[in-house]
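Enquirer: What follows is a structure written as structure tokens; I'll ask about it next.
The structure is reproduced here in structure tokens:
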């Protein structure tokens, strides 16, 4: 993917890259130069806001972490539930 540097020195990160890393407006990035390349890395992961909603089909309560939340594998769900009190 390509992007351009604006006259103000700004660079737009393509949407697929932002979504893959879960980056949102206001997130901080650490900038460095490694082997003549510019490297941007998220400073830290922030806690995701999750809310309980009602499933429209079943009427059962579900956790909603937003449309940009990463998909969890069955194994990850099992691990989360195993540590649930």
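Numbering (the UniProt record's numbering), first residue to last: 1 to 85. Just so it is clear, CB atoms sit at the ideal spot from N, CA and C, and this is done for glycine as well. Since we're looking at a predicted model, the values are computed, not measured.
#1: Name the one or two DSSP bridge partners that residue 38 has.
#2: If distances are taken between C-alpha atoms only, which option among 28, 19, 63 comes closest to residue 80?
#3: Report the CB separation of residue 68 from residue 26 in whole angstroms; it is logged as a contact under 8 Å.
#4: Determine which residues share a DSSP beta bridge with residue 3 and list them.
#5: Distance, Cα to Cα, residue 84 vs residue 55?
#6: Please state whether DSSP places residue 24 in a helix, a strand or coil.
#7: Taking DSSP as the reference, what is the three-state secondary structure of residue 50?
Expert: For this structure:
#1: Paired residues: 33.
#2: The shortest Cα separation from residue 80 among 28, 19, 63 belongs to 63.
#3: Actually they are not in contact, since the Cβ atoms of residue 68 and residue 26 sit about 14 Å apart, beyond 8 Å.
#4: Here residue 3 is not bridged, per DSSP, to any residue.
#5: One alpha carbon belongs to residue 84, the other to residue 55, and they sit about 21 Å apart.
#6: In the structure shown, residue 24 sits in coil (DSSP, three-state: anything other than H, G, I, E or B).
#7: Judged by DSSP in its simplified three-state form, residue 50 adopts coil rather than helix or strand.
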